[in-house]
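As C-alpha cells, the structure follows; a few thoughts come after it.
So this is what it looks like as C-alpha cells:
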C-alpha cells in the first residue's frame, strides 16, 4: 500500500488541532475524508477544508468510501465498540480512541472482527521517546526490582455540554483520564493485578478517584485521577534501589520530556527532546499495516486494560477489594 488514506469519525477541535495534522505529516499518509453525524456537516466541512478532504454526511457514508483505507474513531466512549466493528466490517484498519472498549468481551468481539486488519487503541503517550527511555531505565535494573508504581492523571474540565459528564455516552473519569493512570502499571509490571480497590467521587458520573492495585509479591500501584483538578500527568517507578519519575507523560509537540532518576548513588535529570506523540503513533500504526507485525498496543493489552477498568468500577460499588480472575 503506497499511500494510507485516512478517514475520521468525529471532527472535534482536539482531533482537528492535534491528530489530523499529525496524520498529514506522516510520509505516505493523507487525510482523505471526514464524517460528522447525519445532518451536522458544518463543523466537518471546515475541518475537511483544511486538509483538502472529502466530507461525508454520516459515519456510514465514510465507511462506504472506497478511497479510505484506515479510520480514526474519535467518538464518545459509547460509540467506540459499535463503530470500530462497523469499520472493520467495511474492511478498514482502525485506530480507536481509548478506551477501545469498557469490557473484555467487547475487546474479544473486536479481535474476532479484525480478520487480518490492524486495530489499535490510541494510547499516544506510549509512542513518545520519553516513554521508551523510562521503560529502558526500568529494564536496565538501575533502580533495582520494581515495587511500586505511582501515577496521577487529571485535568480540570468544563462541565457544560461536555460528553465526559454524560453517563449514557460512557462518561466519567475512570474511562477518560483514569485509563492512562492504570495503563502505566499494567505495562510496567507486564501483568494485571491480582486485586484492586477504588473510591470514586461524583454523583452523575465519577469525577475522580483514588485507587490501589495489588500485583502480589510486594508489588503495588497507587493511582489518582480526575476531571476536577490538574493538570497532572505524572508517573513514578519505585524500585528497591531507587526511582524513575516522568514529569509530564502528555508532553506537547514542542515540550521536552524530563525524567528524574534517583538511586542510592545520587540523582540526575534526563531531558528527552520534544516530539509529537500523535505523529509517532500514526507512523507506528501505518508500519503495522505495511508489515503485518503486532502493534505496540496489541488487542491483548486492550483487553487487560478493560478488565482492570471494569474491576475498579466494581470495587468502588462493592466498597472493598475486588479479585481479578487468575489465568
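In UniProt numbering, the protein residues as written are 1 to 327.
Glycine included, every Cβ here is placed at the ideal spot set by N, Cα and C.
Note that the structure is predicted; figures quoted are calculated from it, not measured.
Residues of the same chain with a CB within less than 7 Å of the CB of residue 165, apart from the 5 flanking positions on each side, are 159, 171, 204, 205 in chain order. Nearest to residue 271 by C-alpha distance, out of 129, 315, 229, 173, is 129. Residue burial annotation: residue 176 is buried, with at least 16 other C-beta atoms found within 10 angstroms of its C-beta.
If you draw a straight line from the Cα of residue 44 to the Cα of residue 228, it comes to about 30 Å. The secondary-structure analysis by DSSP pairs residue 262 across a beta bridge with 243, 267. The DSSP-derived three-state label of residue 187 is helix. Boundaries of the alpha helix (DSSP H) harbouring residue 139: 129-140, taken from the DSSP string. Counting of Cβ neighbours within 10 angstroms places residue 265 among the exposed residues, the total staying below 16.
Taken atom to atom, the span from the alpha-carbon of residue 52 to that of residue 32 is near 7 Å. Residue 225 is bridged by DSSP to 153, 209. If you ignore the 5 residues before and after residue 304, its C-beta comes within less than 7 Å of the C-beta of 186, 192, all in its own chain and listed in chain order. Spatial neighbours of residue 92 in its own chain (CB-CB distance under 8 Å, excluding positions within 5 residues in sequence) are listed in chain order as 7, 63, 68, 69, 70, 71, 117. Taken through DSSP and simplified to helix, strand or coil, residue 120 comes out as strand.
Residue 236 and residue 28 have their alpha carbons spaced roughly 36 Å apart. About 6 Å separates the beta carbons of residue 147 and residue 238, which is inside the 8 Å limit, making them a contact pair.
7 Å or more divides the Cβ of residue 87 from the Cβ of residue 81.
A direct Cα-to-Cα measurement between residue 15 and residue 38 gives close to 19 Å. With respect to the C-alpha of residue 90, the residue from 104, 77, 60 having the closest C-alpha is 60.
Taking all protein chains in view, the Cβ of residue 201 is surrounded by fewer than 16 other Cβ atoms within 10 Å, so the residue is classified as exposed.
Minimum Cα-Cα distance from residue 233 among the listed residues 106, 42, 250, 48 corresponds to 250. In the DSSP assignment, residue 83 falls within the unbroken alpha helix (DSSP H) covering 80-89.
In the DSSP assignment, residue 97 falls outside any alpha helix (DSSP H) and lies within the beta strand (DSSP E) extending over 93-97. In the DSSP assignment, residue 195 falls within the unbroken beta strand (DSSP E) covering 195-201. When the Cα atoms are used, residue 154 and residue 19 turn out to be separated by approximately 20 Å. The alpha carbon of residue 252 has as its nearest neighbour, out of 231, 49, 10, the alpha carbon of 231.
Here residue 256 is not near residue 277, since their CB atoms are 7 Å or more apart. Taking 3 residues as the minimum length, the beta strand (DSSP E) runs contained wholly in the region 8-85 are 29-36, 54-57, 70-73, in order along the chain. Residue 242 is a Cβ neighbour of residue 263, given a cutoff of 7 Å. Beta-bridge pairing by DSSP links residue 146 to 239. With a cutoff of 7 Å on beta-carbon distance, residue 279 and residue 22 are scored as near each other.
Residue 98 has its alpha-carbon roughly 14 Å from the corresponding atom of residue 10.
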